[in-house]
Every structure is written in structure tokens, then in C-alpha cells.
Amino acid sequence: MSLISLPFMLLVTASCVLYYLAPKQWRWCILLLANVIFYVAASQALIIFLIGSILSVYIGGLAINKQIKLQKATIKSLEKDQKKAYKAMMKKRKQLILIVVLAINIGILCYLKYYGFFAGNLNAINALLHVNVNIAVKKFVLPLGISYYTLMAISYMVDVYRGKYEASPQLGKVALYLSFFPQMTEGPISRFDQLADQLYAGNEFDIIKFKSGLYLILWGLFKKLVIADRAALYVNPVFSGMHGGFTAFLAVALYTLQIYAEFSGAMDIVRGIGYLFGVHMEKNFEQPFFSKSIAEFWRRWHRTLGTWLKDYVFYSISLSKMNMNLNRSVKKHMKGNFGRFILSAFPLFFVWFFNGFWHGASWKYIVYGLYYYLIMMMGLLLAPVFTKIKDTWHLHEQRKGYRLFCILRTVLIVFGGMLIFRAHSLDDALQMLLRIFTMQETDILAHGLTLVDFGILIWGLVLMFIIAGLKERRVNLFALFDQKSLLLRYGIILIIGVSIIVFGIYGHGYQASDFIYGEF
Amino acid sequence: MEKLLAILEDMKPGVDFKKEKKLIEDGILDSFDIVEIIAAIDDEFDVEIPVMEVQPEIFNDVEKLYALIERLMEE
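Structure below.
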């Protein structure tokens, strides 16, 4: 069930009406019922995996709670020298519970999503070593949203283990958190302490949130149907053919804009639906194309994945005993930038490896992640050189020209990443990159988009970037919009609405194309 | 407090750590700095800062960071 399908919209409308009609204490049940209906309609019997995840983290969380309470009650009566040994023993117990629950959740994800990848690679290794063992390469139908809700389950368990908050004794709350239906297809990757209470509370109807929700949904539909799906008409045939030169370069640029309009549009729809129920969800995008470096780009692009990787991969590895010892040793022998480069290399490798591998079970996605790893590491290594160049040429970071240069440089690097991401294989990506520089192809009107289509696309992109520019200047767009006269407000809503109907790209039976990030 | 300020000033010369209250939000300290600060605090104060305490609210302000060190030392 796509985010923009008629059944989905009907589910949103019906659950929203029932939510506000129901007494406050039962409203969470309406949400849970909507989640079940949505999930069964989308993934049928595969809901069993979601239920398994919910139960495992619920029971595991409570088990850790019990250990923490036991520790608090016991430790007071112990002598100072006994406390340390007792703490270490309790830590081991909590670790064991955490490992079991994480193994269940990561195990299910790995088996269903990555089995084919591992089997294929083991077969290739066996063939190289002339070992006559062949593992069947099976591909499973993935339960909807497994990549998203597994990360949310992990964050819940790790946070409870770290003592950030107590595990919830309410199974309904944990179930709501992991299964909230708008976020099942593309995220955001929410955190329990940000979302669960809002879902469980039974929110009062708030007209401001409700209107903001409707505006966001409308804007998200515009980005998906008018911009992203129109760009796809050009991108798909060019990536499938043997094109080069400017024609291929434009396809890479348009694919970057397509995926941004589509993914951020989906997030607008998801957050908009959240607001209809009075629920605030984390932003996944913060004007990424205004970034002056790749590190900044990834703080603004798919933010909930980036912060998840920072909190649960980067800090877990960086603050581990082994890495801390490495830190001391490196600091003794290497001062300054090179020391930092060496210390970053280890944890960042895992961050970018997981980033790539999370996107898909293929080497293409691993290389996609490691591409950014290389860029970041080169940036760290060459930082003193860049500083010297800036000083020699008197380049000031605050000057408009220099900032524009940094933004363009970042965008070009992102194009490189998107080329790998979109190409059918790594070889295809490399071939297309070579053709961009070696072929003299400039024809752009023979690949699915007419001049009028380009005009509509450019209009949509200009509108999208004006709004992004206003957000970048911290303009409160909802407040600004609400201050305008009724006539102007309805005029704008009508223009956007009519644009979606008239200029939106629909396939057979007015069915819009699927979301790219829905496949992960 | 003076020892903590010395660690920070050694790492980021020129920053007024007493005045600055948004070290993370203003981009003065990044994730790598935080890891280096935690390692230095471990060496200087013999205190391990657990991952759950790595929150922007604490690392934004040197006083809050020092309060955390004191609390952990008491524990």
C-alpha cells in the first residue's frame, strides 16, 4: 500500500475521524488498529516478524529494567570494594539480555534481506578456491519496513541498556512505536523517547497542527508527483541506455533532484499525517543542497539514519575500550591532524559501511557508502592543505563566492554518489561516468521529456528551492502562510492542488509510481 | 574546572569556553572532538563518561560537562 494510493488515503481519513471520535484513553487503540490493518494489507502473514520484534524488545527491555532495579536496591548495602565487582557482574547480565534481543532482531533482518547476498558471495569464494559447495541463493519477500523498524527496535533496546530511559511496561506503547503506519514505508527512523508518549497519549484535536499536516501532505504530493515522477521520465531511459556527455550528466543531476523531491516529499506526507493525529515526528531533511561540505550534507540528508549511525555505531566504537586505548597511543606518537585522521578511520569505516549496506544487499551499495567514507577521510587528511590554500588566496569562509563554490563542490560530489546509487551495477556506473566525459551527446529532448515537461519541471524545482531558501533563513512558513488573506491562501492551495492533478505523473489507472526508499 | 578548561583550550585554542553555551549547536565541537575530550577526561580525572551521557545538552556548556564529571567522580 503506497503512501499515495487511494486505500492508504482512505485509511488515514477513517482512522483520523475515529481517533477524534473515540474517548481519549482509547485513541491509542484506534492507532494500533490502523497499524494492524495497514500492515496486514501490505505484508499479510509477514506481520509475524514485526510482532516478533515488538515482543522481543518488550520482554528484553523489561528484563533489563528488572536488573537495573535489582542493582539499585542491592548496591546500597555493599561495601565500596564489593560494589565494583557487583556492578561488573550486573553489566554482564544486562549485556547478555541486550545481545540476545539484538541477535534476534538483526538475525531476522540479515536472514531475510542479506541471505542471497551472503550465499552468492560464499559461492563465488568457493568457486575461486575450487571448493565444490554450492549454497542455494534464495530471495525472500521482505516484511514492509523491516529495515526501518529493526533500527528503531535496536535503538530502544540500547537506550534502555544505557539507562537513557526505562523500558515501557505497556506493550501497547512499544507496539505503537514500532508499527506507526505512516512511517513504516520510508521512515523516519524515530526514537522511543521522542515518539512513543505522543502516540500513546490520546491527543486533543489541534487545529494548527491539523492544518500544518494538510499543508505538508499537499506539498509532499506536489514534490512526488509533479517533480520527482516527471524527472523519472528522463532519468529512467537515460540510465537504461548507453548515453553520455551532457545527456547523461543531466540524468545524474535530475536523479539527484528526483530522489530528493521524492524522499523529502514522502517525509512531508508522513510528518503531515503525524500532525493530523497531533504527533510531531523528526525531520529527515534540512535543506541538504545548501551544505558546504559532505559532512554537513549528511547532517541534513536522511538525518534520522545519520543520527542513528552516530549514536549507535560511531559512539559505540569510538568510546569502546579498544578505541580509547588506540586514542591514547596515537596521541602519544602523532600530534595534530594526522592523529585525528588515524583515529577517525576506524569508527568512520563502520559508519559508512553500514550506511551503504543498510540501503541494499549488494556491493553497489557498499561501494556507495565507502565512496563517502573516502571523501570524508580525504577531507580530514587534506584539511591542513585546504587551510593553507585558503590563507594564501585570502579566501574567507563567510564570503558569498566562496560559500557558493563550496556548495557546488558538495553537489558535484553528491552527484557522484547518486550515480553509483542509481546505476544498475558498479560497472554500469563506471561506464556511464566515462561516457559523460568522452561522448559528445547533448540531445535532451529525445528521452521522455518534452520542452513543456522541462518547463514544468524547472517551475517545480524553482518553487521547491525558494521554499528551501526560506526555511534556510528560518522563516516559519506555516505562520507566514496563515497570516495571508483567506483568498490568497485558498488561491495558493488551489494552484498546488490543480498542479498535482494536471501536472502530476500517473501511470496505468492513475496509479503513481512507487517510492524508491520504500524498497529498503 | 581549571583542568577541564585547560583540556578544551588546548584542543581548540581561541574559543571562549566560559562564555560559549552552544558548543555543539554552533559547530565549535564535532563528534571527533567529543571523543577526544572524553579520552582526555578519562586520563585527567580517571572518569569514564558513558555513552548515554554523550548528549548535546551536556557538551554544549562547559559548566554542565564539569557537573557531569563531578557527579561521576562521586559515584
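Read top to bottom, the protein sequences are chains W and E. Position 474, counted from 1, in the first sequence is what our numbering calls 474; the numbers after and before it change by one each time, with no gaps. Position 5, counted from 1, in the second sequence is what our numbering calls 1005; the numbers after and before it change by one each time, with no gaps. From the three backbone atoms N, C-alpha and C, an ideal C-beta is built for every residue, glycine too.
Under the three-state reduction of DSSP, residue 409/W is assigned to helix. Nearest CB-CB separation between residue 337/W and chain E: not below the 8 Å threshold. A Cβ-Cβ separation of about 7 Å places residue 300/W in contact with residue 285/W under the 8 Å criterion. Assignment of alpha helix (DSSP H) within the region 324-373 of chain W, counting only whole runs of 4 or more residues, yields 336-359 in chain order.
Judged by DSSP secondary structure, residue 474/W falls outside any alpha helix (DSSP H); it is assigned neither H nor E. By alpha-carbon distance to residue 240/W, the top candidate from 227/W, 429/W and 33/W is 429/W.
By the neighbour-count criterion, in which 16 or more other beta carbons inside 10 Å mark a residue as buried, residue 209/W falls on the buried side. Residue state for residue 1054/E is assigned as coil, using DSSP reduced to three classes.
The Cβ neighbour count for residue 243/W, taken over all protein chains shown within 10 Å, is at least 16; the residue is labelled buried. Under the Cβ criterion of 8 Å, residue 405/W is not counted among the residues facing chain E. The Cβ neighbour count for residue 1060/E, taken over all protein chains shown within 10 Å, is at least 16; the residue is labelled buried.
Taking a contact to require three or more Cβ pairs closer than 8 Å, the region 114-134 of chain W and the region 171-191 of chain W do not qualify as touching. Chain-ordered, the chain W residues with CB closer than 7 Å to the CB of residue 1032/E read 340 and 344. Boundaries cannot be given for residue 1/W, as no alpha helix (DSSP H) includes it and DSSP labels it neither H nor E. With respect to the C-alpha of residue 12/W, the residue from 44/W, 245/W, 68/W and 36/W having the closest C-alpha is 36/W.
Under the Cβ criterion of 8 Å, residue 1039/E is counted among the residues facing chain W. Shortest Cα-Cα distance from residue 305/W to any of 356/W, 321/W and 113/W involves 356/W. Closer than 8 Å to the CB of residue 373/W there is not a single CB belonging to chain E. The closest CA to that of residue 314/W, considering only 1063/E, 1054/E and 1011/E, is found on 1054/E. For residue 300/W, the three-state secondary structure derived from DSSP is helix. Counting along the chain, the unbroken alpha helix (DSSP H) around residue 1011/E starts and ends at 1002-1011. Chain W places a beta carbon closer than 8 Å to that of residue 1042/E, counting this residue as a contact. Residue 1063/E: member of the alpha helix (DSSP H) spanning 1062-1074, first to last residue. With respect to the 8 Å criterion, residue 219/W and residue 268/W are classified as neighbours on the basis of their beta carbons. Per the C-alpha coordinates, the member of 225/W, 249/W and 163/W positioned closest to residue 441/W is 249/W. Residue 503/W and residue 471/W have their C-alpha atoms spaced approximately 25 Å apart.
Distances from the alpha-carbon of residue 186/W to those of 75/W, 67/W, 358/W and 461/W put 358/W closest. For residue 381/W, none of the residues of chain E pass the 9 Å Cβ criterion, the least Cβ distance being about 13 Å.
Assigned with DSSP and collapsed to three states, residue 307/W falls in helix. Between the region 451-466 of chain W and the region 229-237 of chain W there are three or more C-beta pairs closer than 8 Å, enough to call the two in contact. DSSP places residue 505/W in no alpha helix (DSSP H); its state is neither H nor E.
Boundaries for residue 284/W: no alpha helix (DSSP H) harbours it, and the DSSP string shows neither H nor E there. Distances from the alpha-carbon of residue 191/W to those of 311/W, 333/W, 41/W and 424/W put 311/W closest.
Put simply, the CB of residue 328/W is near chain E, with a gap under 8 Å to one of its CB atoms. Residue 294/W is a Cβ neighbour of residue 379/W, given a cutoff of 8 Å.
Straight across, the Cα-Cα distance linking residue 189/W with residue 319/W is about 23 Å.
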